[in-house]
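Asker: Our numbering applies: residue 1097 is where the sequence shown begins, and numbers increase by one.
The beta carbon of each residue, even a glycine, is placed where N, CA and C say it ideally should be.
What you are looking at is a predicted structure, and each value in this text was computed from that prediction instead of being measured.
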Amino acid sequence: MKKIVVIGAGGKMGCRVSKKLMDAKRYDAYFCEVNEASIERLKAIGINTISKMEEIVPQADYVLLSIPDILIGKLSKDIIPLMKPGAMVIGLDPAAAYAGVMPIRDDIGYFVVHPHHPYLFNTERDEDGNLDFFGGKATQDVSCALYHGDEHFYAEGEQIARVIFAPVGTAFRVTVKQMGFCEPGLVESISAPLVYALKQAYEAFVAKGVPADALYSFLMGHLRVQFAITFGLIDARYSDGAILALNEAMSRIFKDNWLETMVNEDFVTESIMKITDSINKK
Ligand SMILES: NC(=O)c1ccc[n+]([C@@H]2O[C@H](COP(=O)([O-])OP(=O)(O)OC[C@H]3O[C@@H](n4cnc5c(N)ncnc54)[C@H](O)[C@@H]3O)[C@@H](O)[C@H]2O)c1
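(1) Spatial neighbours of Val1102 within its chain, please: C-beta separation below 8 Å, excluding the five flanking residues on both sides.
(2) According to the neighbour-count rule (16 or more other Cβ atoms, all chains shown, within 10 Å of its Cβ), is Ile1204 buried or exposed?
(3) Does the beta carbon of Met1275 fall short of 8 Å from some heavy atom of ligand 1?
(4) Rounding to the nearest angstrom, what Cα-Cα distance links Val1130 and Ser1172 in this structure?
(5) Following a CB-centred definition, is Cys1128 positioned closer than 8 Å to any heavy atom of ligand 1?
(6) By a C-beta neighbour count over all protein chains shown, 10 Å radius and 16 as the cutoff for buried, is Phe1042 buried or exposed?
(7) Give a single yes or no on whether Leu1178 has its beta carbon closer than 8 Å to a heavy atom of ligand 1.
(8) Which value, in whole angstroms, describes the spacing of the CA atoms of Ile1166 and Tyr1158?
(9) What does a CB cutoff of less than 6 Å around Lys1295 pick up in its chain, not counting 5 residues either side in sequence?
(10) Name the residue from Asn1360, Pro1199, Pro1190 and Asp1373 whose alpha carbon lies nearest to the alpha carbon of Met1179.
(11) Mind listing, in chain order, the continuous alpha helix (DSSP H) runs of no fewer than 4 residues lying wholly within the region 1299-1375?
(12) Evaluate Glu1299 with the Cβ neighbour count: other Cβ atoms within 10 Å of its Cβ, from every protein chain shown; 16 or more gives buried, anything less gives exposed.
(13) Could you check what DSSP says for Lys1378 in three-state terms: helix, strand or coil?
(14) Leaving out the 5 sequence neighbours to the left and right, which residues in its chain are closer than 6 Å to Ile1330 when beta-carbon positions are compared?
(15) Whose C-beta lies closer than 8 Å to the C-beta of Lys1370 among residues of the same chain, with five residues either side of it excluded?
(16) Are the beta-carbon atoms of Gln1274 and Ala1241 separated by less than 9 Å?
(17) Under 9 Å between the Cβ atoms of Thr1266 and Val1238?
(18) Is it buried or exposed for His1392, if we count other Cβ within 10 angstroms and need 16 for buried?
(19) Who are Met1389's beta bridge partners in DSSP?
(20) May I ask you to list the residues that DSSP assigns as paired with Ala1120?
(21) Quick check: the Cα distance between Lys1378 and Phe1327, rounded to an integer number of angstroms?
(22) Could you check if His1210 is buried or exposed, using at least 16 other CB atoms within 10 Å of its CB as the buried criterion?
(23) May I have the straight-line CA-CA distance separating Gly1276 from Val1197, to the nearest angstrom?
(24) Among Glu1344, Leu1216, Ala1288 and Leu1342, whose alpha-carbon lies nearest the alpha-carbon of Gly1317?
(25) CA-CA distance, His1213 and Gln1236?
(26) Would DSSP call Tyr1194 helix, strand or coil?
(27) Please classify Ser1147 as buried or exposed, where buried requires at least 16 other C-beta atoms within 10 Å of its C-beta.
(28) Let me check you understand the geometry: is the CB of Ala1192 closer than 8 Å to at least one non-hydrogen atom of ligand 1?
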């Protein structure tokens, strides 16, 4: 059985992937963690043995970095030299690879996987009847990239991705740069602010006296069908009145050059440099 070690196993993502690795029993899994509260979280999911990084990394076939992106540059300089030839390092976000903060060795592989979350329209529920927003119960897709190394690393990486983010629907193959365009490019720098603005507008209409529960229900139902129409999921069109209101509002809300400003490689790179704290180190 191949050995995999999770560094930062007790963090938000670390706990999720560590539990999946334990349950799947497909890999000989080891866990590294330095923080007391994180170690307690690991105990709560049945992981009681914490390995020493210096001892376990040289034996591992796979080293999964589940540490904050801002620490990857610094910590990978200690971790990567310890890895045995033929091993593979796995990141859970494109930022560190995109920013080039990890030391590169030609005798190991570098793979990146990022989970997509279950779809907006997914209605799978967990055993308590709750909708699953993070994956683990509901099916989610993932994006995968081979950042550096021989092609065989890709297949091994995808296999691991399918275990740690199970159940996985489609594993899309992209490049690290394309993954950076997905996040932060689209989902953090554009869709999150749009949703945030929607919440501000909702609150402003509530302040004008619209009952909050009625407005929330109004918005959620309309959002669902607006997504379906706009992305072509259904064969339907907006009413003439809705098209008029939409066209009128676009130019009021958005600056003329908003797309060029936001769908812009330099802007994505700048955000990633901030996320990985590498802006002054390039
Ligand atoms: N949180 C999410 O929803 C999410 C989603 C997708 C991808 N990711 C990616 O997952 C990675 C981890 O993010 P997170 O949000 O889980 O971070 P987190 O801050 O929740 O957890 C990081 C963990 O790393 C531990 N750690 C720090 N230094 C360590 C060291 N030297 N040795 C061992 N452990 C150490 C910390 O104690 C902490 O428990 C990042 O690359 C992030 O971009 C996170």
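Answerer: Let me spell this out:
(1) Counting only residues of its own chain and dropping the five nearest sequence neighbours on each side, Val1102 has a CB closer than 8 Å to the CB of Gly1110, Val1113, Ser1114, Leu1117, Ala1125, Tyr1126, Phe1127, Cys1128, Leu1160 and Ser1162.
(2) Classification of Ile1204: buried, given that the 10 Å Cβ count is 16 or more.
(3) Met1275 Cβ: outside cutoff for every heavy atom of ligand 1.
(4) Looking at the two C-alpha atoms, the distance is approximately 15 Å.
(5) Because some heavy atom of ligand 1 lies under 8 Å away, the Cβ of Cys1128 counts as near it: yes.
(6) Absent from the structure is residue 1042, since the part of the chain shown begins at 1097 and ends at 1378.
(7) Closer than 8 Å to some heavy atom of ligand 1: that does not describe the Cβ of Leu1178.
(8) So the two alpha carbons sit approximately 21 Å from each other.
(9) Excluding five sequence positions before and after Lys1295, none of the CB atoms of its chain fall closer than 6 Å to its own CB.
(10) Ranking the options by Cα distance to Met1179, first place goes to Pro1199.
(11) DSSP assignment within the region 1299-1375 yields the following whole alpha helix (DSSP H) runs of 4 residues or more, N-terminal first: 1308-1326, 1336-1349, 1354-1358 and 1361-1371.
(12) Exposed is the call here.
(13) Its pLDDT being 46, under 50, Lys1378 is placed unreliably in this model, and the value from its coordinates should be taken loosely. When DSSP states are grouped into helix, strand and coil, Lys1378 belongs to the coil group.
(14) Counting only Cβ-Cβ distances below 6 Å, and skipping sequence neighbours, we find Ala1324.
(15) Closer than 8 Å at Cβ, skipping near neighbours: no residue.
(16) Against a cut-off of 9 Å, the Cβ pair of Ala1241 and Gln1274 comes out as a contact.
(17) Judged by their CB atoms, Thr1266 and Val1238 are nearer to each other than the 9 Å cut-off.
(18) This structure cannot speak to residue 1392, because the chain is shown only from 1097 to 1378.
(19) Because the chain here runs from 1097 to 1378, residue 1389 falls outside it and cannot be looked at.
(20) In the DSSP output, where bridge partners are listed per residue, Ala1120 has none listed.
(21) Unreliable placement is indicated for Lys1378, whose pLDDT of 46 sits below 50; the coordinate value is still reported in the next sentence. Going by C-alpha positions, Lys1378 is about 39 Å away from Phe1327.
(22) Counting C-beta atoms within 10 angstroms of its own C-beta, His1210 has 16 or more neighbours from the protein chains shown and is therefore classed as buried.
(23) When the Cα atoms are used, Gly1276 and Val1197 turn out to be separated by approximately 14 Å.
(24) That would be Leu1216, whose Cα lies nearest to the Cα of Gly1317.
(25) Here the alpha carbons of Gln1236 and His1213 stand approximately 5 Å from one another.
(26) It is helical.
(27) Buried.
(28) Under cutoff, so the answer is yes.
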